[in-house]
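A.B. asks: Chains as they are written, first to last, in full-length UniProt numbering: chain A, 1 to 217; chain Y, 1 to 601; chain L, 1 to 275.
One structure, pasted below without further comment.
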Amino acid sequence: MSCFALDEERFRLCCRLLLQRSDQLRDGWSWNVVQGSEEGYLKKTVLRSDSELHATPTAEEQQREQSAAAPEGIRGHSEDDDDEDDGACTVLESSRQALQYEYHVLYSCSYNTPVLYFRAFTLEGRSLSLEEVWSSVHPNFRLRLQESPLDTITQQEHPLLGQPFFMLHPCKTEEFMKPLLQAAVDQNRPVNYVLSWLSVVGPVVGLHVPLQYCETG
Amino acid sequence: MAAAAADARRVGAGIQTGIQTGIRRSAEPWRDHIICQLKHRDRNQHVMFQDLIRFYSRLLEKTSLTSGILNITTRHPLADSSSLTGLLHQNHLLKKTSGELAYQVVERQQQLKTKQCLVDEQNSRLMEERQRLEGALGVQQALQQRVEQLEEQNAALKVEYDELLERQKEVESRLREENLRGGTLLEDMIHLKKEAAARMNIHNERRSRARADLRKELTAEGSKVTEDSSSSAPTSRSTSPKPETLEEPSDGRRIRLFRSASVSSPRIFSSLKELFDRKRRGHSVCSRHEDLVFPARICYSARVPARALHVLEAHDQGINAVRFSSSSALVATGGTDRLLKLWEVRTGSLTHRATLDGSTEGITCIDFDHTGSRVLASSYDKSALLWRLDDSIPKVTLTGHSRKVTAARFCGLHQVVTGGADRTVRLWDLHREACVRQVEVKSYCSDVVSSDNFIISGHFDSKIRMWDSRAAGCIQELPAQGKVTSLDLGVDQRLLLSCCRDDCLQIQDLRRWSLQRLCFRAEGFKCGSDSTKAVISPDGCYVAVGSADGAVYVWDVSSGNLETRLSDKHSSSISALSWSPSGEYVVSVDKSRRAVLWSDI
Amino acid sequence: MADDKDVLRDVWFGRIPTCFTLSQDEATEREAEPYYLLLPRVSYLTLVTDKVKKHFLKAMRTEDVEEMWFEYEGTPLKWHNPIGVLFDLHASNTVLPWSITVHFKNFPDSDLLHCPSNSVIEAHFMSSIKEADALKHKGQVVNDMQKKDHKQLWMGLQNDKFDQFWAMNRKLMEYPTEEGGFRYIPFRIYQTTSDRPFIQKLFRPVSPEGNTHTLGDLLKAMYPDALTNDGEQKRYQVVIHGIEPLLETPLQWLSEHLSHPDNFLHICVIPAPSD
Chain A
1 MSCFALDEER
11 FRLCCRLLLQ
21 RSDQLRDGWS
31 WNVVQGSEEG
41 YLKKTVLRSD
51 SELHATPTAE
61 EQQREQSAAA
71 PEGIRGHSED
81 DDDEDDGACT
91 VLESSRQALQ
101 YEYHVLYSCS
111 YNTPVLYFRA
121 FTLEGRSLSL
131 EEVWSSVHPN
141 FRLRLQESPL
151 DTITQQEHPL
161 LGQPFFMLHP
171 CKTEEFMKPL
181 LQAAVDQNRP
191 VNYVLSWLSV
201 VGPVVGLHVP
211 LQYCETG
Chain Y
1 MAAAAADARR
11 VGAGIQTGIQ
21 TGIRRSAEPW
31 RDHIICQLKH
41 RDRNQHVMFQ
51 DLIRFYSRLL
61 EKTSLTSGIL
71 NITTRHPLAD
81 SSSLTGLLHQ
91 NHLLKKTSGE
101 LAYQVVERQQ
111 QLKTKQCLVD
121 EQNSRLMEER
131 QRLEGALGVQ
141 QALQQRVEQL
151 EEQNAALKVE
161 YDELLERQKE
171 VESRLREENL
181 RGGTLLEDMI
191 HLKKEAAARM
201 NIHNERRSRA
211 RADLRKELTA
221 EGSKVTEDSS
231 SSAPTSRSTS
241 PKPETLEEPS
251 DGRRIRLFRS
261 ASVSSPRIFS
271 SLKELFDRKR
281 RGHSVCSRHE
291 DLVFPARICY
301 SARVPARALH
311 VLEAHDQGIN
321 AVRFSSSSAL
331 VATGGTDRLL
341 KLWEVRTGSL
351 THRATLDGST
361 EGITCIDFDH
371 TGSRVLASSY
381 DKSALLWRLD
391 DSIPKVTLTG
401 HSRKVTAARF
411 CGLHQVVTGG
421 ADRTVRLWDL
431 HREACVRQVE
441 VKSYCSDVVS
451 SDNFIISGHF
461 DSKIRMWDSR
471 AAGCIQELPA
481 QGKVTSLDLG
491 VDQRLLLSCC
501 RDDCLQIQDL
511 RRWSLQRLCF
521 RAEGFKCGSD
531 STKAVISPDG
541 CYVAVGSADG
551 AVYVWDVSSG
561 NLETRLSDKH
571 SSSISALSWS
581 PSGEYVVSVD
591 KSRRAVLWSD
601 I
Chain L
1 MADDKDVLRD
11 VWFGRIPTCF
21 TLSQDEATER
31 EAEPYYLLLP
41 RVSYLTLVTD
51 KVKKHFLKAM
61 RTEDVEEMWF
71 EYEGTPLKWH
81 NPIGVLFDLH
91 ASNTVLPWSI
101 TVHFKNFPDS
111 DLLHCPSNSV
121 IEAHFMSSIK
131 EADALKHKGQ
141 VVNDMQKKDH
151 KQLWMGLQND
161 KFDQFWAMNR
171 KLMEYPTEEG
181 GFRYIPFRIY
191 QTTSDRPFIQ
201 KLFRPVSPEG
211 NTHTLGDLLK
221 AMYPDALTND
231 GEQKRYQVVI
241 HGIEPLLETP
251 LQWLSEHLSH
261 PDNFLHICVI
271 PAPSD
């Protein structure tokens, strides 16, 4: 049991490894320290297309979305291969409206797990409401999560910044991380808890973790 | 599993907090501080504002209401001020509605009144019902009490009934026994009758044969006479001599027959009868006053035994009791062999005179009546038996004790007192052959004695109890040294001797009513059993008892010193002694069948 | 236990007299009277201000009404903190009643959480309880509870039913005898001097040597500045539920008795009044 729990020190270590790899891959993660304390968090800002965010897109939009989704997947790889300079901003040219997503990874000492906080703004600086955030969740995830919506994505105060953020609730984290870590232990394979966790929960809210992280990590 | 563990943990926690808070409370300033501060906070922030805010809210509500109304009323005139008729019309309408409302008010008031009446009525009915309920409750209670009483009575009756049933059963079983006995007796009688008939037949036969012989003789003689007197008087010879000669011999026969009948009665008793007849003859004028007339035979000086005159094995088994008759001529012994034997004291030896049987168990105690014609014995078979000395079969059997009878004594001529292991002392009437009184005592009764007015019983709880022989109830309890094994009352009925299990004899003077006691102990004297019997000499000067080592101890009452110690004759524990009323003899009996006759000669 | 139960009652029934006034910025049809209310300390602003909203809406045009929010002397009040914490943190040494300004416009997105319905409050409340239980019992107690038990806790708070709430909350306050307390004490220390909303770390009720930790021990570890050194002027007040408990008060006891219904011990460190 204890080997699957994450204490703060291991969280820091995992974050450092992730940051190293992120720097290599230019994935845009950074470590932010709260003023006046040793605590900090991982942060990444991403620009996303607004088109994904509509819960019931029109037929026209749907078409566009499909056409845009394919190149995105391909370009996701090419982008890293290209060693593009600005890894922090993945701009989609095809979208008319872009949203800025800000992801924070914090450590929850209550649950001994990492927690994903995020918020989203329009380019004009208006922050998105919970409904808008929900509509951005991929329909596959949405169906699953919406069974108990308030347990999964909620608006919460950022424990370090004191500002409203959206949060994926950590109380189920241990549950789904356990088999994953067990498998790693069984195969005697080193595993980065934070990275593995992020690759599971990130996609739900549009945060993709490239496969390259694992190749040499 | 985890859940169970968690449950256990929580229960533990609950207890813990309970205990901790219990201990903590006494001396912990932080708790009082918090409580005090909370009260202070509430006073400042809550209590002070509570009413203010409530009143404000109410006021706010009212003002909003009034402002709403004002809005409406201010708006209306604006709209309708143009026409006066409209106003008038409105006024008219208002009047009409107010009239209607007034009517409604009156109506409502009436309704209210009737409702009020109804309510009053209901109330009074309610009161009535309540009173009735109370009454009913009272009755119910009384009835319940009755029920309880009746139940109690029923229970008592049930107990009585059970008792009666028990008694009926007992009586029935006794009836059955008696019937059985009646049957056997009847058989015996028939048998005896048959024997008697056979005997009679033999006699008759013999007589007829004799008669035949006589006739032959007569005829022979007659022929002779007729031959002799044929010359002198033939007519008278032939008629008159015949009946005469016939009668004379037949008379002689009859006397002989009578004699032979008297011979057939038990020969032993004829000698006893003589013995008693001698005594009785002087006083037999009026048998009813026998006990009153009978003088107390006071012996002026008892002689201290010194020598064994006669030693004999008196019974087949241990001897428990011995007693001289009032005439000093007879001694009765009783033993475990269930027999009571009578011995004549003659010329310094004991001669066996008779054996009385009837008891089905060992004899525990023996007593003669004043007249010396009856002997009483108590038995292990839960009964007391009374024999007349001229009959070997018990005349009366007194049954009723539930365990062995330890003592039986005559109490006057017509009453008997017995004490038993069943912790009862019973008084029996010999005429009715029934128990006339029964006293339950707390302890095993080992011996009883009776005087003119009292019955005195000795018990294993170290108490001697005195009972009035006429009224019920214990008069006095005298303490003893230990378990009382026997009692003896002096001839003058003044001194009471008791023998205790703790190897001590004590004498109390009953006239003095004091608890003063004289104790007699001696080195070597050991009370051999729970029924060891001690005696006072007939002159009241000595006391005697047999010890467990087979020695007889005699003390002088006035000095309290040991007078003599007679050993060597008994080889086992002496169970009882008896001092002859004449003062001459002492007989001691032991557990190994031996009886010894002592005297000073 | 009798006076401990009284403490629980006093904590539950703590009230703050409050005066709500409509913001000057709001466009009104007519002047709105201030509204006075006794606010329960353990509840949440948005849960108990329906009447306030109704009162001020009377004076407003519906087209001007957006989400209601509250402000005290320029500080937007975070509804997700218990009312008592807001008061103690921002207004404890001011004149009563507490004067709160009500807004229906310009919701400060960057400061406050949205509260569209009571179910949001319920979710927030339950999430706090879960987190507290994760600290106290690794979440075992709250996970063993049924859905209706969770509902009972919430309904107890919503309807101000002390007995209903504590009948269930009692289970959350149990702990194994041999450990002398919870696994960790769920606490949050608030202060106004930095942007950081609160301090929350792991802290055990009993030291490794087996000594009972006190409130003073906690502050020494988490916020040493809050303590007054010998001979020093008192700079900070440590306030829980509007009172200043003694620093030697055992932390476990405080957690059991002075926690808010969300099962956290909310501690406010505020500057001591200068006079």
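The beta-carbon is built from N, C-alpha and C at its ideal position, and this holds for glycine as well.
Considering only DSSP beta bridges, list what residue 500 of chain Y is partnered with.
C.D. replies: In the second sequence, residue 500 of chain Y corresponds to position 500, counting from 1. According to DSSP, which records beta bridges pairwise, residue 500 of chain Y is partnered with Y:484 and Y:504.
A.B. asks: Where does residue 9 of chain A fall in DSSP's three states?
C.D. replies: In the first sequence, the residue the question calls residue 9 of chain A occupies position 9. Correct three-state label for residue 9 of chain A: helix.
A.B. asks: Among the residues of its own chain, which have a CB less than 6 Å from the CB of residue 19 of chain L, if the five just before and after it don't count?
C.D. replies: Here residue 19 of chain L is taken as the residue at index 19 of the third sequence, counted from 1. So the list reads 34, 36, 97 and 99, once near-sequence residues are dropped.
A.B. asks: Which residues of the region 35-68 of chain Y have a Cβ closer than 8 Å to any Cβ of chain L? Give them in chain order.
C.D. replies: Residues passing the 8 Å Cβ filter: 35, 37, 38, 39, 40, 41, 42, 44, 45, 46, 48, 49, 50, 52, 53, 56, 57, 60, 63 and 64.
A.B. asks: Taking the continuous alpha helix (DSSP H) assigned at residue 131 of chain A, which residues delimit it?
C.D. replies: The residue labelled residue 131 of chain A in the question sits at position 131 within the first sequence. Where residue 131 of chain A is concerned, the enclosing alpha helix (DSSP H) stretches over 130-136.
A.B. asks: Could you name the residues of the region 50-83 of chain L whose beta carbon sits closer than 8 Å to any beta carbon of chain Y, in the order they occur along the chain?
C.D. replies: Taking 8 Å as the Cβ-Cβ cut-off against chain Y, the residues of the region 50-83 of chain L that qualify are 55 and 58.
A.B. asks: From residue 341 of chain Y to residue 330 of chain Y, what does the alpha carbon distance come to, in whole angstroms?
C.D. replies: What you label residue 341 of chain Y is simply residue 341 of the second sequence in a count that begins at 1. What you label residue 330 of chain Y is simply residue 330 of the second sequence in a count that begins at 1. For residue 341 of chain Y and residue 330 of chain Y, the distance between alpha carbons rounds to 10 Å.
A.B. asks: Since residue 149 of chain L and residue 168 of chain L are thought to touch, with beta carbons under 8 Å apart, how far apart are those beta carbons, to the nearest angstrom?
C.D. replies: To locate residue 149 of chain L, count along the third sequence from 1; it is residue 149. To locate residue 168 of chain L, count along the third sequence from 1; it is residue 168. 5 Å between Cβ atoms; contact.
A.B. asks: Tell me, please, whether the region 451-463 of chain Y touches the region 487-499 of chain Y by the rule of three or more beta-carbon pairs shorter than 8 Å.
C.D. replies: Touching, yes.
A.B. asks: Please say whether residue 302 of chain Y and residue 539 of chain Y have beta carbons closer to each other than 8 Å?
C.D. replies: Within the second sequence, numbered from 1, the residue matching residue 539 of chain Y stands at position 539. Within the second sequence, numbered from 1, the residue matching residue 302 of chain Y stands at position 302. Cβ distance < 8 Å, so residue 539 of chain Y and residue 302 of chain Y count as in contact.
A.B. asks: Please go through the same chain and pick out, in chain order, the residues whose beta-carbon is closer than 6 Å to the beta-carbon of residue 25 of chain Y, but skip the five residues on each side of it.
C.D. replies: As a first step, residue 25 of chain Y is located in the second sequence; it is residue number 25 there, counting from the start. Here the model assigns residue 25 of chain Y a pLDDT of 49, short of 50, so the residue's position is not dependable and the matter cannot be decided.
A.B. asks: Which partner residues does residue 125 of chain L have in the DSSP bridge list?
C.D. replies: What you label residue 125 of chain L is simply residue 125 of the third sequence in a count that begins at 1. Per DSSP, none; premise fails for residue 125 of chain L.
A.B. asks: In chain order, which beta strand (DSSP E) runs of at least 3 residues are fully inside the region 197-250 of chain L?
C.D. replies: Entirely contained in the region 197-250 of chain L, the beta strand (DSSP E) runs reaching 3 residues are, in chain order, 236-239.
A.B. asks: By Cβ distance below 8 Å, which residues in the same chain neighbour residue 246 of chain L in space, the five residues on each side in sequence not counted?
C.D. replies: Position 246 of the third sequence, counted from the start, is the residue given in the question as residue 246 of chain L. So the qualifying residues of the chain are 215.
A.B. asks: Just the C-alpha distance for residue 42 of chain Y and residue 10 of chain L, rounded to the nearest angstrom, thanks.
C.D. replies: As a position in the second sequence, residue 42 of chain Y is number 42, starting the count at 1. As a position in the third sequence, residue 10 of chain L is number 10, starting the count at 1. Rounded to whole angstroms, residue 42 of chain Y to residue 10 of chain L spans 8 Å at the Cα level.
A.B. asks: Reducing DSSP to helix, strand and coil, say where residue 169 of chain A ends up.
C.D. replies: By one-based count along the first sequence, residue 169 of chain A stands at place 169. In the structure shown, residue 169 of chain A sits in coil (DSSP, three-state: anything other than H, G, I, E or B).
A.B. asks: Return the chain-ordered list of same chain residues with a C-beta closer than 6 Å to the C-beta of residue 36 of chain A, the five sequence neighbours on each side being excluded.
C.D. replies: If you number the first sequence from 1, residue 36 of chain A lands on position 36. Hits under 6 Å: none found.
A.B. asks: In whole angstroms, what separates the C-alpha of residue 192 of chain L from that of residue 13 of chain L?
C.D. replies: Numbered from 1 along the third sequence, position 192 holds the residue referred to as residue 192 of chain L. Numbered from 1 along the third sequence, position 13 holds the residue referred to as residue 13 of chain L. In a straight line, the C-alpha of residue 192 of chain L is about 26 Å away from that of residue 13 of chain L.
A.B. asks: State the start and end residues of the unbroken alpha helix (DSSP H) segment that holds residue 166 of chain L.
C.D. replies: Here residue 166 of chain L refers to the residue found at position 166 when the third sequence is read from its first residue. 162-172 is the span of the alpha helix (DSSP H), which, as asked, contains residue 166 of chain L.
A.B. asks: Can you give me the C-alpha to C-alpha distance between residue 358 of chain Y and residue 444 of chain Y, rounded to a whole angstrom?
C.D. replies: The count along the second sequence starts at 1 and reaches residue 358 of chain Y at position 358. The count along the second sequence starts at 1 and reaches residue 444 of chain Y at position 444. Cα to Cα, the separation comes out at about 25 Å.
A.B. asks: For chain A, find out if any of its Cβ atoms is closer than 8 Å to the Cβ of residue 131 of chain L; answer yes or no.
C.D. replies: The residue labelled residue 131 of chain L in the question sits at position 131 within the third sequence. Interface residue, yes.
A.B. asks: Pick helix, strand or coil for residue 73 of chain A, following the three-state DSSP scheme.
C.D. replies: Here residue 73 of chain A refers to the residue found at position 73 of the first sequence. Per-residue confidence for residue 73 of chain A stands at a pLDDT of 38, beneath the threshold of 50, marking its modelled position as unreliable; the derived number appears in the next sentence. In this structure, residue 73 of chain A counts as helix in the three-state DSSP scheme.
A.B. asks: Interface residues of chain L around residue 127 of chain A at Cβ under 9 Å?
C.D. replies: The residue labelled residue 127 of chain A in the question sits at position 127 within the first sequence. Going along chain L in sequence order, the residues near residue 127 of chain A (Cβ under 9 Å) are 109 and 110.
A.B. asks: In whole angstroms, what is the alpha-carbon distance linking residue 136 of chain L and residue 49 of chain Y?
C.D. replies: Stepping through the third sequence from its first residue, residue 136 of chain L is reached at position 136. Stepping through the second sequence from its first residue, residue 49 of chain Y is reached at position 49. Each residue's Cα considered, the two are about 37 Å apart.
A.B. asks: In or out: residue 197 of chain A buried (at least 16 other Cβ within 10 Å) or exposed?
C.D. replies: Translated into positions along the first sequence, residue 197 of chain A becomes position 197. So residue 197 of chain A ends up on the buried side.
A.B. asks: Using the beta-carbon count (16 or more within 10 Å), is residue 97 of chain Y buried or exposed?
C.D. replies: As a position in the second sequence, residue 97 of chain Y is number 97, starting the count at 1. So residue 97 of chain Y ends up on the exposed side.
A.B. asks: Chain L partners of residue 155 of chain A, CB-CB under 7 Å?
C.D. replies: By one-based count along the first sequence, residue 155 of chain A stands at place 155. The contacting residues are 113 and 114.
A.B. asks: Residue 36 of chain L touches chain Y at which residues, Cβ-Cβ below 7 Å?
C.D. replies: Here residue 36 of chain L refers to the residue found at position 36 when the third sequence is read from its first residue. Result: 53, 56 and 57.
A.B. asks: Would residue 205 of chain L and residue 185 of chain L qualify as a contact pair, given that the criterion is a beta-carbon distance under 8 Å?
C.D. replies: Translated into positions along the third sequence, residue 205 of chain L becomes position 205. Translated into positions along the third sequence, residue 185 of chain L becomes position 185. Yes, the pair counts as a contact, with Cβ atoms nearer than the cut-off.
A.B. asks: For a test of the three-state rule: what should DSSP assign to residue 190 of chain L, helix, strand or coil?
C.D. replies: Position 190 of the third sequence, counted from the first residue, corresponds to residue 190 of chain L. In this structure, residue 190 of chain L counts as strand in the three-state DSSP scheme.
A.B. asks: According to DSSP, residue 105 of chain A sits in a beta bridge with which residue or residues?
C.D. replies: Numbered from its first residue, the first sequence carries residue 105 of chain A at position 105. A:42 and A:116, per the DSSP bridge assignment.
A.B. asks: Considering residue 272 of chain L, what are the terminal residues of the beta strand (DSSP E) in which it resides?
C.D. replies: Against the third sequence, residue 272 of chain L aligns to sequence position 272. Unbroken run through residue 272 of chain L: none, as it is neither H nor E.
A.B. asks: How would you label residue 76 of chain Y, buried or exposed, when you count the other beta carbons within 10 angstroms and need 16 or more for buried?
C.D. replies: The count along the second sequence starts at 1 and reaches residue 76 of chain Y at position 76. Note that residue 76 of chain Y scores a pLDDT of 48, beneath 50, so its modelled location is shaky; the value from the coordinates is reported in the next line. So residue 76 of chain Y ends up on the exposed side.
A.B. asks: So for residue 337 of chain Y, helix, strand or coil by DSSP?
C.D. replies: Position 337 of the second sequence, counted from the first residue, corresponds to residue 337 of chain Y. Reduced to three states, the DSSP call for residue 337 of chain Y is coil.
A.B. asks: Using the three-state DSSP reduction, which class does residue 208 of chain A fall into: helix, strand or coil?
C.D. replies: As a first step, residue 208 of chain A is located in the first sequence; it is residue number 208 there, counting from the start. Three-state result, residue 208 of chain A: coil.
A.B. asks: Name the residue from L:188, L:239, L:210 and L:159 whose alpha carbon lies nearest to the alpha carbon of residue 178 of chain L.
C.D. replies: Against the third sequence, residue 178 of chain L aligns to sequence position 178. Residue 178 of chain L has its Cα closest to that of L:210, out of L:188, L:239, L:210 and L:159.
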